[in-house]
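A.B. asks: My structure is below; once you've seen it, I'll send some questions.
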Amino acid sequence: MANEQKHYDLIAGAIEDIVLGKETDLASSGLHEDYFVRLFKERTGLTPTQLKRYVSLRQARDFLLKGYPTLDAAYAAGLSGQGRLHEGFVTYEAASPGALKQRGQGLVITYGRHATALGQIDIAQTDKGVCWIGFAMKDRPRASLEKIRQKWPQAILKEDVAVTYAAAQKVESMFLGVKSGAPLKLHLYGTNFQIKVWEALLRIPAGATISYGTLADALGNPKGARAIGGAVGANPISWLIPCHRVIQASGIVENYASGTERKCALLALENH
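All the letters of the sequence shown, read from the start, carry residue numbers 15 to 286 under my numbering.
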């Protein structure tokens with residue numbers, strides 16, 4: 015068990031190194047490079063070299079060569095319907111307008127950092143569900159906590175990885191495509207418009223991409239691509255609400271809070 019956690023930590027750190035364009039130091043781990051590469055591929059579906067190549071990609075056509083579909087208008091129209099969210103892996107409850115105005119007053123938020131096959135992630139949750147998932151960044155280790163404090167300045171924050179561990183395990187299971195018990199509950203804090211956009215994102219299948227304009231059309235707001243982009247950018251639950259699957263109409267893969275390299279890495283990881 016200890017070795018398994020050590021391996022998870024190493025792989026999560028290696029993913030972060032790749033995103034940052036750094037080399038992973040294997041000397042301190044005691045693992046031979048060939049063994050590490052095998053572990054990495056078992057967990058992520060890619061070798062470190064393959065992932066490095068993907069994070070340098072910038073256009074959707076580069077992904078299409080490897081089987082990443084771009085949703086057309088006919089399919090995208092279903093994003094605003096009643097389809098299953100993440101194939102039944104998640105459910106959500108939206109905070110009331112009154113709760114939004116309170117900015118976290120009277121709210122207890124528990125947070126923790128966990129190693130997964132997606133890399134190190136920070137998870138925060140209320141008593142009603144997960145309210146935040148962000149990628150831990152070596153160059154800004156407290157970035158998630160700072161953003162949580164900005165979003166809920168009146169909340170009481172408590173660090174307890176034992177509490178957030180179950181949610182991290184479910185995220186890991188979802189990445190691996192394994193349904194584990196009851197759906198993961200999300201507690202979403204956003205305007206009615208933002209919630210509508212986030213719900214549509216939850217219906218975009220893994221490995222697919224969609225443009226801001228097509229997403230706007232699907233939501234019945236063809237002239238609202240800019241507003242849609244704002245709601246996508248305000249998404250508080252990285253990867254699980256897959257804002258990384260939204261790209262520019264030109265096919266450029268950019269505009270991701272955790273960086274373009276991270277966005278490319280996620281598109282590569284989740285489709286292998």
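Cβ coordinates follow ideal geometry from the N, Cα and C atoms, glycine included.
Are the CB atoms of Phe149 and Ile135 within a distance shorter than 8 Å?
C.D. replies: The residue labelled residue 135 in the question sits at position 121 within the sequence shown. The residue labelled residue 149 in the question sits at position 135 within the sequence shown. The answer is yes: Cβ separation under 8 Å.
A.B. asks: With DSSP run on the structure shown, which of helix, strand or coil describes Arg259?
C.D. replies: Residue mapping note: residue 259 aligns to position 245 of the sequence shown, counting from 1. Correct three-state label for Arg259: helix.
A.B. asks: CA-CA distance, Lys142 and Gly120?
C.D. replies: Indexing the sequence shown from 1 puts residue 142 at position 128. Indexing the sequence shown from 1 puts residue 120 at position 106. Their backbone Cα atoms lie some 14 Å apart in a straight line.
A.B. asks: Would Leu171 pass as a contact of Ile242 if the rule is Cβ separation under 8 Å?
C.D. replies: For this step, residue 171 is matched to residue 157 along the sequence shown. For this step, residue 242 is matched to residue 228 along the sequence shown. Taking 8 Å as the Cβ cut-off, Leu171 and Ile242 do not qualify as a contacting pair.
A.B. asks: CA-CA distance, Glu284 and Pro167?
C.D. replies: For this step, residue 284 is matched to residue 270 along the sequence shown. For this step, residue 167 is matched to residue 153 along the sequence shown. The alpha-carbon atoms of Glu284 and Pro167 are separated by roughly 33 Å.
A.B. asks: Do Leu198 and Val144 have their C-beta atoms within less than 8 Å of each other?
C.D. replies: As a first step, residue 198 must be located in the sequence shown, where it is residue number 184. As a first step, residue 144 must be located in the sequence shown, where it is residue number 130. Contact: yes.
A.B. asks: Roughly how many angstroms separate the alpha carbons of Ala282 and Ala271, rounded to a whole number?
C.D. replies: In the sequence shown, residue 282 corresponds to position 268, counting from 1. In the sequence shown, residue 271 corresponds to position 257, counting from 1. Going from the Cα of Ala282 to the Cα of Ala271 covers about 17 Å.
A.B. asks: By Cβ distance, which residues of its chain are closer than 7 Å to Ala230, with the 5 residues on each side in sequence left out?
C.D. replies: Working through the sequence shown from its first residue, we reach residue 230 at position 216. Excluding residues within five positions, the ones whose Cβ falls inside 7 Å are Pro236, Gly238, Ala239 and Ile242.
A.B. asks: How many angstroms separate the CA atom of Ile261 from the CA atom of Ala26?
C.D. replies: The residue you call residue 261 lines up with position 247 of the sequence shown. The residue you call residue 26 lines up with position 12 of the sequence shown. C-alpha separation (whole angstroms): 25 Å.
A.B. asks: Closest to Thr178 by CA distance: which of Ile147, Asp48 and Val246 is it?
C.D. replies: Counted from its first residue, the sequence shown places residue 178 at position 164. Checking every option, the nearest Cα to that of Thr178 belongs to Ile147.
A.B. asks: Are the segment 204–214 and the segment 153–160 touching, with three or more C-beta to C-beta distances below 8 Å?
C.D. replies: no
A.B. asks: Buried or exposed, going by whether 16 or more other CB atoms sit within 10 Å of the CB of Val12?
C.D. replies: A query on residue 12 cannot be resolved here, the shown segment of the chain reaching from 15 to 286 and no further.
A.B. asks: May I ask you to list the residues that DSSP assigns as paired with Arg127?
C.D. replies: Here residue 127 refers to the residue found at position 113 of the sequence shown. According to DSSP, which records beta bridges pairwise, Arg127 is partnered with Asp136.
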